[in-house]
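Chemist:
In the working numbering, the protein residues as written are 61 to 177.
#1: In chain order, what residues of the same chain have a beta carbon less than 7 Å from the beta carbon of residue 147, not counting five sequence neighbours either side?
#2: Give the list of continuous alpha helix (DSSP H) stretches no shorter than 4 residues that lie fully inside the segment 106-147.
#3: Should residue 183 and residue 129 be called a contact, given that it needs their Cβ atoms to be closer than 8 Å?
#4: Applying the criterion that 16 or more other CB atoms from any shown protein chain within 10 Å of the CB defines a buried residue, is residue 105 buried or exposed?
#5: Rounded to whole angstroms, what is the Cα-Cα separation between residue 109 and residue 152?
#6: So residue 100 packs on residue 63, CB below 8 Å; how close in whole Å?
#7: Quick one: residues in its chain with C-beta nearer than 7 Å to the C-beta of residue 149, no 5 flanking neighbours on either side, listed in chain order?
#8: Kindly indicate the opening and closing residues of the alpha helix (DSSP H) around residue 91.
#9: Taking residue 127 and residue 163 to be in contact with their CB atoms under 8 Å, please state how far apart those CB atoms are, rounded to whole angstroms.
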């Protein structure tokens, strides 16, 4: 839970927990243990590097809500606005121009909301 809060923010995790029901409790436990307790806690990549991989994967797969969440997480993990731009450009090369177009639109929304554009 510590890693999840550090990457996604206390506010995000608090909202997720508050929205947990008996139906979704097992899933919240699953992602906390597996994503945050296992994968995000491994020593092989830095959080910055993991953010690059996650941003690319979320764009490639069209998971736009998760992409936006991870743009903010990438900033908390130390990626600069210019580095996020480079990730989107790189994804555009390998995933297609429409992917990059949507990535820039979504990232702009998040970064504007953070007061960084």
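For each residue, glycine too, the CB sits at the ideal point set by N, CA and C.
Modeler: Taking the structure as given:
#1: 112, 115, 116
#2: 107-121, 124-136
#3: Residue coverage of the chain in this structure runs from 61 to 177, which leaves residue 183 outside it and unanswerable.
#4: exposed
#5: 18 Å
#6: 5 Å
#7: 160
#8: 85-91
#9: 7 Å
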